[in-house]
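To convert, take the position in the sequence shown, counting from 1, and add 305; that gives my numbering. We put the beta carbon where it would ideally sit given N, CA and C, even for glycine. Down below is the structure, laid out as structure tokens.
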Amino acid sequence: MPKAEAILDICRKELWKEGILSDDFDIEIMSSMGCGEAFEGVAVAADFFYQRNAQVFIGPYCNSELDAVAKMAAYWNVPIIGYMASNNIFADKNIYKTLARVSLRTTNSLALSVASLLNHYG
306 MPKAEAILDI CRKELWKEGI LSDDFDIEIM SSMGCGEAFE GVAVAADFFY QRNAQVFIGP
366 YCNSELDAVA KMAAYWNVPI IGYMASNNIF ADKNIYKTLA RVSLRTTNSL ALSVASLLNH
426 YG
């Protein structure tokens with residue numbers, strides 16, 4: 306997404322302003338290209354989880370990458386929010402145990418999902 310880092314930084318500042326983030330609870334937002342011709346998203350997810358200690362994933366946006374990353378996230382017991390991939394296979398909670406999907410008609414649904422996740426984990 307063009308200007309992704311700047312947009313995510315604005316979102317983080319809004320979370321601070323609204324009191325969701327505080328001195329006791331902060332988040333680090335990491336972003337990388339998640340969909341490509343050679344399953345870059347799978348490598349990125351593994352790197353984020355094992356090397357950078359990611360504790361939640363948003364995306365990747367494409368069906369093939371989300372399929373693999375959501376299965377890995379279920380194995381790791383890490384929440385993952387899908388926001389573009391629409392394949393019916395993702396409804397199977399026996400496989401995609403930690404996946405939640407939201408519609409992107411507006412960005413409100415993605416924002417509400419992230420806020421709910423933050424509130425859930427205190």
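In the displayed model, A390 falls within coil according to three-state DSSP, outside both helix and strand. The secondary-structure analysis by DSSP pairs A373 with nothing; it has no beta-bridge partner. I334 is bridged by DSSP to nothing; it lacks a bridge partner.
Counting only the Cα atoms, F395 lies some 8 Å from L404. Judged by DSSP in its simplified three-state form, R406 adopts strand. Contact between I363 and I400 does not hold, since their C-beta atoms are separated by about 19 Å, which reaches or exceeds 8 Å. Residue environment for G346: buried (at least 16 other C-beta atoms within 10 angstroms of its C-beta).
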